[in-house]
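Visitor:
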Amino acid sequence: MSDTGNYLGPFLVNDFGDRYLYQVNRNAFNSIGSDSLYASTYGESLFAEYQLNIIIGTDSGLFPTYVVNKGIPSGSRYLFIELPEVIERLSEEGILKELPPEVIIATPDTWEEIATDLQINEYVFIDAVRVNESIASSDANLPEYRDISWNINLNVRTLVHETHASINCTQYILRQLENLAENRVAFSRTLVDTFKGRTAVILAGGPSLREALPWVRENRDRLVLIAVSRISKILQSEQIVPHLVATVDPQKVSFEVSREMLYFADMEESPVLVSSYHASPLLVGQWGGRSAYTDSLFPWSTPLNIETHLYTGPTVSNYALSIAMNMGCETIVLAGVDLCFSREGHTHAAGSAENKVGPDLGQLSPRIETNGGWLADTNHGYAHSLEILKLQAELAVSKGHRLYNISLGAAKIPLIEYRPPSEIDLPEDTISTSALIDKYLPPPTSKARLSHYRKIKKELERAQHKFKEILSLSQEALECTDGLFGRNGKERSFRHKVQMDKIERKLDRRYGDFSLLVKQFGLKKFLSILRTPKEEQEWTDEQIEKATRDYYQAYMAGTIQLLAVTNSALSRIEARIEEEKSSPDCDLFISQWLRDGQPGRGRFWLRNHPVTAQCLSEAILGKFRELDDQFTHLMTDEQTIRMELLEKGYDLKHIRSKARLLFRRGEREELEAMAAGIASHPDREKAEPYLYFINGLIAELQQEPNRAIECYQHLLVDPPHPTTEDALRQIASLAIAGNDVENALLALECLSRMSPAYLSPYGEILKALGRYDEAFDAFNRYLSIAPKDVGTLVTLGILCRDAGLADTARDLFARVLENDPTNRVALSQLEGLAAPSND
9 MSDTGNYLGP
19 FLVNDFGDRY
29 LYQVNRNAFN
39 SIGSDSLYAS
49 TYGESLFAEY
59 QLNIIIGTDS
69 GLFPTYVVNK
79 GIPSGSRYLF
89 IELPEVIERL
99 SEEGILKELP
109 PEVIIATPDT
119 WEEIATDLQI
129 NEYVFIDAVR
139 VNESIASSDA
149 NLPEYRDISW
159 NINLNVRTLV
169 HETHASINCT
179 QYILRQLENL
189 AENRVAFSRT
199 LVDTFKGRTA
209 VILAGGPSLR
219 EALPWVRENR
229 DRLVLIAVSR
239 ISKILQSEQI
249 VPHLVATVDP
259 QKVSFEVSRE
269 MLYFADMEES
279 PVLVSSYHAS
289 PLLVGQWGGR
299 SAYTDSLFPW
309 STPLNIETHL
319 YTGPTVSNYA
329 LSIAMNMGCE
339 TIVLAGVDLC
349 FSREGHTHAA
359 GSAENKVGPD
369 LGQLSPRIET
379 NGGWLADTNH
389 GYAHSLEILK
399 LQAELAVSKG
409 HRLYNISLGA
419 AKIPLIEYRP
429 PSEIDLPEDT
439 ISTSALIDKY
449 LPPPTSKARL
459 SHYRKIKKEL
469 ERAQHKFKEI
479 LSLSQEALEC
489 TDGLFGRNGK
499 ERSFRHKVQM
509 DKIERKLDRR
519 YGDFSLLVKQ
529 FGLKKFLSIL
539 RTPKEEQEWT
549 DEQIEKATRD
559 YYQAYMAGTI
569 QLLAVTNSAL
579 SRIEARIEEE
589 KSSPDCDLFI
599 SQWLRDGQPG
609 RGRFWLRNHP
619 VTAQCLSEAI
629 LGKFRELDDQ
639 FTHLMTDEQT
649 IRMELLEKGY
659 DLKHIRSKAR
669 LLFRRGEREE
679 LEAMAAGIAS
689 HPDREKAEPY
699 LYFINGLIAE
709 LQQEPNRAIE
719 CYQHLLVDPP
729 HPTTEDALRQ
739 IASLAIAGND
749 VENALLALEC
759 LSRMSPAYLS
769 PYGEILKALG
779 RYDEAFDAFN
789 RYLSIAPKDV
799 GTLVTLGILC
809 RDAGLADTAR
819 DLFARVLEND
829 PTNRVALSQL
839 EGLAAPSND
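With our numbering, letter number 370 in the sequence shown gets 378, and the count goes up by one each step, no holes.
Below you can see the structure in the form of structure tokens.
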């Protein structure tokens, strides 16, 4: 019963006809059936077109069958990654036979090669790679699924980041065009090399941040403080105002974790916002202070794009380090850049949303060494950031920078020396950091904003003209396709091919950058053209015609989308220009703010235009009050996407499978660290059962079975807790090992009530106690759900033979041979039953 290996047992059948391995799925499908559970869990997102679905686990083969029965969407692939021992069992049952080519089963050792064959990079280009957990992987009754999940998620995350870094992905382009009005001051033209010889401190949100803040507060004026945007709330509570705030992520969730940074703009000495060109418009568009952007202004070649420097992701901490290096800071100190968990399992500093939810104790990852010498857990994001930080450190040191981390609890990284704050020399500077910033980055003026807006408008109109010409050429090419193939009343003629070649050369040469953008926005359709037919096949005339039409229709679709996007950007620029007028049409820009979800612009518009504001009608002032109410709600709403994700990701249920895997490996120290984290969990009532379970496992590893059983007994509750079944399994195993038959029987009786899968071992104990009628009943009930379990058939056959039920015994041994024709026990028993009796 204990976790000593993966004995998978026979396939069981539930009331819905689902055949499953109990050790893999337990009772997951017994309430509503697998089809209904899949529909409610995954919905239709699993069946989008042109999507590579990487799924961890097959749910005893039920998941791929469900996908096949639902139908494979056009251009989509399903790569299931399964444990080798489970694949072996599925193959024995013939469950994996005749799967369509779009559904592939791989092992943890082969999936990457298969993913490459499935052209995973192309799916990454169009942001169409999805990693899902099967029900078995999510429940992790076999804890090895946790290992697989960690490795696959990390590898896919790394691939996605590297691919997006090598191209300007569509999501980045959309944010870039939304931010055009605010991306006015280029970092490379203002702040590069302005702080040579100075000491910068990167303030990030790791668990150790709070330890550094007293020193930071005391020495603020002797430092260049660069804070990641997500810690703004913590800094404000400590009355620390950084000199720069950095933000990089394009997603809405970036606003949710960083929204308090907007309050900094209302302060007398507000920081400068340094943002990536694709940062969340909800932050950039509602920032009322000075700002500078990094990287290109437009996603196409234009004189308005300014030469940029190297700014590194994937996290804002990596980005902030790049900023400090580019500003010329000689010494760069990392504070709160831990990239690992605290000893208690916390991922972020006290005061953060993550810390409020509690420790993340369910992560199963390679532990990393800290500056203090102990080992700490980490997560996918930190692990990826850590590898990039190592490369950044090499680059920084080669350029003459000195890097320090002032936390013992931070990840130990080559070339980043641990040094306590008291040992960091801070030279006296004659000019303050704030004064230098004022010198190189003066406050914005209405004149400067208007000049920028007009340049942006002119460039957008140029791009629109190009896109309209591309659309016209694409339409002409489609008409030539009719002529080339003799369609729609046109005479078939090869001269149309000559004209199509001319159009293609125009698209490539005259509209190079814009054509590339069109292809990027229509990439899904372009990729579908490239995939069919297979390269080794002969192309028929019909396929050539279809591919040609699809190609130019994809051109048209991408162009139409870009025209819509640039139209939207032009509308936003028109609204910004209206903001600067002395007698503006307030309704025009207020409606734009509402479309963009940026009610906070109302506050700083009133502040920046006090004279105009005094002349507003009561009706317009009422609209500004409504905007202010909306902004207040936006800033204070606790029911955010981020909190939902945190509560789901930090759910204590993940502890069970991690604890079982650590127990199987004999990792007592890690179990003790988990126990310490659970003991400090904010939800004591919810955490306590998991603490009993882990303490029981620790006691077993310490060879203290009585104390272990005492811990497990706290989990024998009704209704059952998620750990109750595991606790009963451990009790049964300990009782059997200690020859405590009565307690073993009691534990197995409880387990058999939870699931009929335990009826066979329960029957074995009953048989050993001489309770043959009950044993017969237990075996019989078990065989009703596992009719092919050879071991139980043999056991029941022998029991019937000993009870004088020869005919029944013969039938049972015959059933054994149907499933295992060479079974020696069954052959021998049948031979003995056939021999004449001596009586």
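Just so it is clear, CB atoms sit at the ideal spot from N, CA and C, and this is done for glycine as well.
Check the DSSP bridge columns for Glu377 and list the partner residues they point to.
Guide: Taking the first residue of the sequence shown as 1, we reach residue 377 at position 369. Note: Glu377 sits in a beta bridge opposite Leu383.
Visitor: Go ahead and pull the three-state DSSP assignment for Arg673.
Guide: As a position in the sequence shown, residue 673 is number 665, starting the count at 1. Helix.
Visitor: Name, in chain order, the residues that DSSP records as bridge partners for Ser283.
Guide: Within the sequence shown, residue 283 is the residue found at index 275, counting from 1. Answer by DSSP bridge pairing, in chain order: Thr255, Tyr301.
Visitor: Give the DSSP-derived three-state secondary structure of Glu141 in the structure shown.
Guide: Counting from one through the sequence shown, the residue named residue 141 turns up at place 133. Three-state DSSP puts Glu141 in a strand.
Visitor: Is there contact here, the segment 52-71 with the segment 155-169, by at least three beta-carbon pairs under 8 angstroms?
Guide: Taking 8 angstroms as the limit for Cβ pairs, the verdict is that the segment 155-169 does touch the segment 52-71.
Visitor: Taking its Cβ as the centre, do 16 or more other Cβ atoms sit within 10 Å of Phe597, making it buried, or is it exposed?
Guide: Counted from its first residue, the sequence shown places residue 597 at position 589. Phe597 comes out buried.
Visitor: Under the rule that 16 or more other beta-carbon atoms within 10 Å means buried, what is Ile40, buried or exposed?
Guide: In the sequence shown, the residue the question calls residue 40 occupies position 32. Exposed.
Visitor: Which of the three DSSP states is assigned to Arg513 in this structure?
Guide: Locating residue 513 in the sequence shown gives position 505, where the first residue counts as 1. Looking at Arg513 - three-state DSSP - the assignment turns out to be helix.
Visitor: Excluding the five sequence neighbours on either side, which residues of its own chain have a C-beta within less than 6 angstroms of the C-beta of Gly336, listed in chain order?
Guide: Along the sequence shown, one-based indexing puts residue 336 at 328. If we look at Gly336 and ignore the five residues flanking it on each side, its Cβ neighbours are Asp201, Phe203, Lys204.
Visitor: If you draw a straight line from the alpha carbon of Leu602 to that of Glu190, how long is it in whole angstroms?
Guide: Taking the sequence shown and counting its residues from 1, one reaches residue 602 at position 594. Taking the sequence shown and counting its residues from 1, one reaches residue 190 at position 182. Roughly 17 angstroms separates the two Cα atoms.
Visitor: Arg34 by DSSP, collapsed to three states: which one?
Guide: Reading the sequence shown from its first residue, position 26 is the one you call residue 34. Note: Arg34 maps to coil in three-state DSSP.
Visitor: So, under 8 angstroms CB-CB, Leu182 and Val573 are touching, yes? Tell me the CB distance rounded to an integer number of Å.
Guide: In the sequence shown, residue 182 corresponds to position 174, counting from 1. In the sequence shown, residue 573 corresponds to position 565, counting from 1. Right, their Cβ atoms sit about 7 angstroms apart.
Visitor: In the DSSP assignment, what residue or residues form a beta bridge with Tyr86?
Guide: Here residue 86 corresponds to residue number 78 of the sequence shown, with the count starting at 1. DSSP lists Asn61, Val111 as partners of Tyr86.
Visitor: Quick check on the DSSP output: the beta strand (DSSP E) that includes Phe19 runs from which residue to which?
Guide: Translated into positions along the sequence shown, residue 19 becomes position 11. Segment 19-21, the beta strand (DSSP E) holding Phe19.
Visitor: Tell me which same chain residues have a C-beta within less than 8 angstroms of the C-beta of Ala418, skipping the five on either side of it?
Guide: On the sequence shown, position 410 is the one that residue 418 refers to. Only Gly214, Ser216, Leu342, Val345, Asp346, Leu347, Cys348, Thr378, Asn379, Tyr426 meet the Cβ criterion.
Visitor: Terminal residues of the continuous alpha helix (DSSP H) containing Ile210?
Guide: In the sequence shown, residue 210 corresponds to position 202, counting from 1. Ile210 -> not in any alpha helix (DSSP H); beta strand (DSSP E) instead, spanning 207-211.
Visitor: If you follow the alpha helix (DSSP H) that Asn77 is in, where does it begin and where does it stop?
Guide: Walking along the sequence shown from the start, residue 77 turns up at place 69. Element bounds for Asn77: 70-78.
Visitor: DSSP three-state call for Val345: helix, strand or coil?
Guide: In the sequence shown, counting from the first residue as 1, residue 345 sits at position 337. If DSSP states are grouped into helix, strand and coil, Val345 belongs with coil.
Visitor: Which residue's Cα is closest to the Cα of Trp613: Glu186, Ala627, Glu588, Ser599?
Guide: Residue 613 sits at position 605 when you count from the first residue of the sequence shown. Checked all of Glu186, Ala627, Glu588, Ser599; the closest Cα to Trp613 is Glu588.
Visitor: What's the call for Phe8, buried or exposed, on a 16-neighbour Cβ count within 10 Å?
Guide: Only positions 9 to 847 of the chain appear in the structure, and residue 8 is not among them; the question remains open.
Visitor: Have a look at Asp851 and Val798 and give me their C-alpha separation to the nearest angstrom.
Guide: Any question about residue 851 goes unanswered here, given that the chain covers just 9 to 847.
Visitor: Locate the beta strand (DSSP E) running through Asn747, then write down its first and last residues.
Guide: The sequence position of residue 747 within the sequence shown is 739, counting from 1. Asn747 -> no beta strand (DSSP E), and no H or E assigned at all.
Visitor: Flag this pair as touching only if the segment 365-376 and the segment 658-670 have three or more C-beta atom pairs under 8 angstroms; answer yes or no.
Guide: Counting Cβ pairs under 8 angstroms, three or more are found: they touch.
Visitor: Pop quiz: Asn61 and Leu54 are said to be a contact at Cβ under 8 angstroms. What is the actual Cβ separation, rounded to whole angstroms?
Guide: Locating residue 61 in the sequence shown gives position 53, counting from the first residue. Locating residue 54 in the sequence shown gives position 46, counting from the first residue. The Cβ separation is near 6 angstroms, so the contact holds.
Visitor: From Leu709, Ile744, Glu696, pick the residue whose C-alpha is nearest to that of Arg673; which is it?
Guide: Counting from one through the sequence shown, the residue named residue 673 turns up at place 665. With distances taken between Cα atoms, Arg673 lies closest to Leu709.
Visitor: Give a yes or no on contact between the segment 710-728 and the segment 686-694, applying the rule of three or more CB pairs nearer than 8 angstroms.
Guide: No, the segment 710-728 is not in contact with the segment 686-694.
Visitor: How big is the Cα-Cα spacing for Cys758 and Glu646?
Guide: One-based indexing of the sequence shown puts residue 758 at position 750. One-based indexing of the sequence shown puts residue 646 at position 638. Distance between the alpha carbons of Cys758 and Glu646 is about 42 angstroms.
Visitor: Alpha carbon to alpha carbon, what distance is there between Val209 and Asp437?
Guide: As a first step, residue 437 must be located in the sequence shown, where it is residue number 429. As a first step, residue 209 must be located in the sequence shown, where it is residue number 201. For Asp437 and Val209, the distance between alpha carbons rounds to 16 angstroms.
Visitor: If we count the other Cβ atoms within 10 Å of its Cβ and call it buried at 16 or more, is Trp382 buried or exposed?
Guide: On the sequence shown, position 374 is the one that residue 382 refers to. Exposed.
Visitor: In angstroms, rounded to a whole number, what distance separates the CA positions of Thr816 and Phe24?
Guide: Taking the sequence shown and counting its residues from 1, the one referred to as residue 816 is at position 808. Taking the sequence shown and counting its residues from 1, the one referred to as residue 24 is at position 16. Cα-Cα distance, rounded: 29 angstroms.
Visitor: Between Tyr448 and the rest of its own chain, which residues show a CB-CB distance below 8 angstroms, the 5 nearest in sequence each way excluded?
Guide: Position 440 of the sequence shown holds residue 448. Closer than 8 angstroms at the Cβ level, and outside the excluded window around Tyr448, lie Thr198, Leu199, Thr202.
Visitor: Under the three-state reduction of DSSP, which class applies to Glu277: helix, strand or coil?
Guide: Position 269 of the sequence shown, counted from the start, is the residue given in the question as residue 277. Residue state, collapsed to three classes: coil.
Visitor: Who are the Cβ neighbours of Ser442 in its own chain at under 7 angstroms, not counting the five residues just before and after it?
Guide: Working through the sequence shown from its first residue, we reach residue 442 at position 434. Same-chain partners within the cutoff: His251, Glu277.
Visitor: How would you write the range of the alpha helix (DSSP H) that Tyr46 sits in, first residue to last?
Guide: Here residue 46 refers to the residue found at position 38 of the sequence shown. That run of the alpha helix (DSSP H) goes 42-50.
Visitor: Look at the alpha carbon of Ala136 and the alpha carbon of Tyr50, and state the distance between them as a whole number of angstroms.
Guide: As a first step, residue 136 is located in the sequence shown; it is residue number 128 there, counting from the start. As a first step, residue 50 is located in the sequence shown; it is residue number 42 there, counting from the start. If you take the alpha carbons of Ala136 and Tyr50, they lie about 16 angstroms apart.
Visitor: Where in the segment 801-838 do unbroken runs of the alpha helix (DSSP H), each at least 4 residues long, occur, reported from the N-terminal end onward?
Guide: Fully enclosed alpha helix (DSSP H) runs of 4 or longer: 814-827.
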